[in-house]
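Chains as they are written, first to last, in full-length UniProt numbering: chain B, 1 to 417; chain L, 1 to 1003. What follows is a set of notes on a single structure, which appears directly below.
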């Protein structure tokens, strides 16, 4: 792996950039691996990276039906925050935030983690109660989150309209300063490069068609478009397709897959300093390093595996943004797209062992999986390597939907992000 | 008339000069000009700067695919927008145009220093550096990158313009008004089908506007066009929509259109919307969007004055503009030869036609020779000269793959043509698949997923004759598909120029390609070497190449760059182009204003504000409102000098000691009717209903499948088969849809009908010991006495002369009635009772007092004291569960191990040690206040108030194992201070319920 630095960049610039090696090789599957990870998104690649770098397990394949980072990793609005309500969630997302802090240096790949601050707008007494509950809980959990008055919110985000003219006037905001955004593709590429350098095979354009189990019920490997691959441990981290993949192992997952759309504007000079979310008007917005306003909202209302989505939701989302930021009405939407998110009944992920020997899952991140990428990868690697969950992901079992110990973040916030 | 404008030529109005400003300078054009054509008519090619290297750029196209000539357009305060394509913006007298991304001036831009450092700014360079020292990313590097990025400036003032939207159904929607689209529209419309024809240009006609020499069915092209438009325009079943872009193609043949209504007008009517979004549901869609010309990729292919040959053709014929005095044409396709001939005929000196192909149609070379034009077949272009405008081009012979010595050919315009790309963006939105067609050297439509036809150049058919024939066929097929069969017409076309060409990568060169500035994506400054670098670095998927280099991600969304980028990537990968494939086209086809998408949904219309019939009275009284779901509700009614606390204290006092009135109209109401209504409610709600007598009501609790409380409300039985169900204000729609869901999917055998009646009934709550005294005189047909109409009764009667459903219920703990009257009588009833109430010292009370009064009684508010994780047992509502019922929604979940395990959070009361401390709602509770962070939290405060009746603060809270902690002291750590609290039951006031009876009315 060529070390990335200003010096290596300069040296290669002088030699016409002819000597850069591939960041990861094009791998073909071997007959057997110690661990097969299904899904080469940020989470799956991250798990492979941590298996290799922290647990010494390098005979690992990450297999994807498409190109790496091509699912929700490359389709989300890149918001990173950890101001979740419940202890279990706060620990999970704050663990990820701790890893984000040093990720560029760890991977020697600039993932552009930008601590721009995420501000969530309150528009009613009910919002304020809910946010204060989060803030008080975060404070006692040691998670950064504070309350802003409307004037303070406007000072933090000058484009914000805090006048009473608005249909939903701003009554305050919750701000997590440590939160922000990152460059989503770079996260996948950085993990892929780091994992590949440690011996992990990344196998793209190779759909996994079935998970095979032996007579004792334990996992024996995966059937793929490129043939059967033996593995005693298989971890599925396939977002919207998880339910389909796990069905082949005889597991029916409590997941619903919905289209989630997002859009960007044409690029403009810096005009928006942070991330703003509003659950009441249903939209969130930030500005990318390239200058595009990056905008999203909730899922479409129907379940689907089609990465398209409809126009009405986009109309509503853009209207919501213009309601809070009326000066953006003359901006233009450049591109919109959809991803398929897998949603659990309590809107919290499932990360751990499955009731099949050798089978592990990381799914159900719904609309908010990107922010957890390093944490999810790290915890999945731990769980696979030790065949038991890390204390942080121990509560996020599949069994909780049977026993009733839910971690319902959606309960306190109408939209979970 | 300027040097570059040809008198009398084109479709502009030469008699009507129009002045606008560009970078502050007055420019004169003609009515019908675009900004680009007007600037070119004045000899101005320099219109912008590129994104990364700040290279000088001019218009490279004449259409919506323009990547370079992006300008800021403005007309007064609040009406300014960045990144407008100069090639699409029509000029008018109020227009102020400005170049972008340059400082201090367009001709002298300091940012161009990047151009000198371009080897450093290779694809993805930012992933490899800016990591040390770590803290510099947030404070130094990122702010620098951000300042350098972005093109125009975002608007800063609210937009005063209006935007509209409409829905439309039609039989056939034709997208694109060129020859194929016109022929399709004519064929379909002549069958009587409802046809909509949209075109993004100001004028419908497409390529016909640039090819006036054609003769169609014996008529000059423009006469044929005028006749076709006249015929279509005269048909009542046809809607012609110029300046309208089909932005996206959605499921079930829904196409979104954006129609531009006023941006071309100097003085738009004040009330006219700027743009209108159309949602068209079409029986059939005909996609006739033509093809987009490909640039050629060579060193210096981006200088102002270098443009697509078809653009020069358009500027000449539509706008009467010569794009230069001395032009060189470089091409791999026949069509550019014709451009050269047309320009020569218009007086432009053609210095050379450079064609990479060694063999070119003899008719073309002969014609060139006859015109005295040097035809350099088997030649390449390896460099260009000039900074702010191209001044020369280096031309080299190519033989057997070897590039010979070059010579400089001076010129002030370089016209390029790398062939044509079928415009299949909308088709791709539908997830229709594309397949590479070797013959036409293009991706063509393969498998369709929607009811659409693709016509003309979109199918790789070149030339106007083929487009007309194919369009007519598509129109006829579309008509036939909706049951209107017809025979497609035929056309006789003279002067057609179908042509063929060669698909190439970068042009061959004798220079080091690793250092060439051969642009693939002009706006984003992506060069061929960037794409090759990406492949070298392992970006083997075209999506990775796109994301790593940003090729195709500029505001033209790859319209010019996609195929060139693919050809180069495929070469670098040593794989055939079709195997590498294209990136997915995403809506919108061209950038679409947020305003158009938002439409009417702005300010007060963003969401409806639901108001009760009594709302105007409250407003007149000076009530302070709060939003509750989409409703606005009176929160309190301050008298002069009162703050919220004072007003609420007074309102509560009136209810506790006399009588208060409350507008409860926002409560959700569902009429549940039918022979199986009882069975239905038995299954939906936790409570038993079978034995509820007619004329009685009961508190109902609704759970989710997970056993957690979702909603509650009082349900009254009006007849054996009729229930009046009330829900929370915010939950009304959700409860109805859950009920419908169960009824339609789980229990279709039940005979039950559900009707939302939330807005049909106005509800006036009359509460307080004197409630009966106030109400009784107005009630006819019902004895209100305790014996005749006890607590939890319901009856139909007349109140103040209005038909009413009268409930005896209490959410305050006092004697209470809720009077439901048809909404239209709500205000009159309210005012009648208000007048009569004066004698009793009545007060109107709002939601804040209501919340406080119910909290004193320990009544929960779903969504405040519960949050979707609370079971009936947790909330202390086990009594509301029908123990003998075989089933109800959520029942099975109530016995799950973790639901019955100890340690669940349960609803309790809290009394602060200091009675004056009012806890914050949402504050967290701990057992041990001295532990370090992270603390172990065991609950939180759900409701908290200062109670006038009790003379101290009270609170409700969810606390782990709370029901077993009565009397325990817990702690609420707040910043700076920790409050000690004692755990109590939830009923703070009148635990015996004695006050429910109120005062009897003296006989």
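Think of the CB as a built atom: it goes at the ideal place given N, C-alpha and C, for glycine as much as any other residue. Quick caveat: nothing in here was measured; it's all calculated off a predicted structure.
Min CB distance residue i to chain L below 9 angstroms
| i | result |
| --- | --- |
| residue 102 of chain B | yes |
| residue 5 of chain B | yes |
| residue 16 of chain B | yes |
| residue 410 of chain B | yes |
| residue 98 of chain B | no |
| residue 405 of chain B | yes |
| residue 365 of chain B | no |
| residue 21 of chain B | yes |
| residue 417 of chain B | Any reading at residue 417 of chain B must be qualified, since the residue scores a pLDDT of 28, below 50, and its modelled position is unreliable; no value is offered. |
| residue 152 of chain B | no |
| residue 194 of chain B | no |
| residue 145 of chain B | no |
| residue 287 of chain B | yes |
| residue 160 of chain B | no |
Residue-level contact to chain B via CB, residue i, 9 angstroms cutoff
| i | result |
| --- | --- |
| residue 598 of chain L | yes |
| residue 986 of chain L | no |
| residue 517 of chain L | no |
| residue 856 of chain L | no |
| residue 137 of chain L | yes |
| residue 885 of chain L | no |
| residue 626 of chain L | yes |
| residue 946 of chain L | no |
Beta-carbon gap between residue i and residue j smaller than 9 angstroms
| i | j | result |
| --- | --- | --- |
| residue 1015 of chain L | residue 270 of chain B | Lying before the first or after the last residue shown, residue 1015 of chain L is absent from chain L, which here runs from 1 to 1003. |
| residue 667 of chain L | residue 609 of chain L | no |
| residue 63 of chain B | residue 285 of chain B | no |
| residue 170 of chain L | residue 280 of chain L | yes |
| residue 658 of chain L | residue 768 of chain L | yes |
| residue 283 of chain B | residue 602 of chain L | no |
| residue 27 of chain L | residue 42 of chain L | yes |
| residue 140 of chain L | residue 174 of chain L | no |
Chain L residues whose Cβ lies nearer than 9 angstroms to that of residue i
| i | result |
| --- | --- |
| residue 109 of chain B | 127, 128 and 131 |
Within chain B, partners of residue i - CB distance below 8 angstroms
| i | result |
| --- | --- |
| residue 594 of chain L | 265, 318, 321, 322, 328, 329, 330, 331, 332 and 333 |
| residue 935 of chain L | 140 and 141 |
| residue 434 of chain L | Within chain B, no residue comes near residue 434 of chain L; the closest Cβ sits about 16 angstroms away, beyond 8 angstroms. |
| residue 888 of chain L | Residues of chain B passing the Cβ test: none, with the nearest at roughly 17 angstroms. |
| residue 514 of chain L | 16, 17 and 18 |
Partner residues on chain B for residue i, Cβ-Cβ distance less than 9 angstroms
| i | result |
| --- | --- |
| residue 159 of chain L | 322, 326, 327, 328, 329 and 330 |
| residue 254 of chain L | 310 and 311 |
Neighbour list for residue i in chain B, Cβ cutoff strictly below 7 angstroms
| i | result |
| --- | --- |
| residue 555 of chain L | 266 and 334 |
Cross-chain neighbours of residue i in chain L, by beta carbon under 7 angstroms
| i | result |
| --- | --- |
| residue 124 of chain B | 626 and 627 |
Cβ distance (whole Å) where residue i is taken to contact residue j below 8 angstroms
| i | j | result |
| --- | --- | --- |
| residue 59 of chain B | residue 33 of chain B | 5 angstroms |
| residue 407 of chain B | residue 86 of chain B | 5 angstroms |
| residue 637 of chain L | residue 623 of chain L | 5 angstroms |
Chain-ordered neighbours of residue i on chain L, where CB pairs are closer than 8 angstroms
| i | result |
| --- | --- |
| residue 115 of chain B | 138 |
Touch test, the region 144 to 158 of chain B against the region 594 to 604 of chain L, Cβ-Cβ under 8 angstroms, three pairs minimum | Here the region 144 to 158 of chain B makes no contact with the region 594 to 604 of chain L; the two share fewer than three CB pairs at distances below 8 angstroms.
When the Cβ atoms of the region 49 to 56 of chain B are set against those of the region 188 to 208 of chain B, are three or more pairs found closer than 8 angstroms?
-> Result yes; three or more Cβ-Cβ pairs closer than 8 angstroms.
When the Cβ atoms of the region 228 to 243 of chain L are set against those of the region 362 to 373 of chain L, are three or more pairs found closer than 8 angstroms?
-> No, because fewer than three Cβ pairs between the region 228 to 243 of chain L and the region 362 to 373 of chain L fall closer than 8 angstroms, the two stretches do not touch.
Any contact of the region 964 to 978 of chain L with the region 919 to 930 of chain L, i.e. 3+ C-beta pairs under 8 angstroms?
-> Yes: at least three Cβ pairs fall under 8 angstroms.
Is the region 866 to 873 of chain L close to the region 697 to 715 of chain L, with three or more CB pairs under 8 angstroms?
-> Verdict: yes, contact present.
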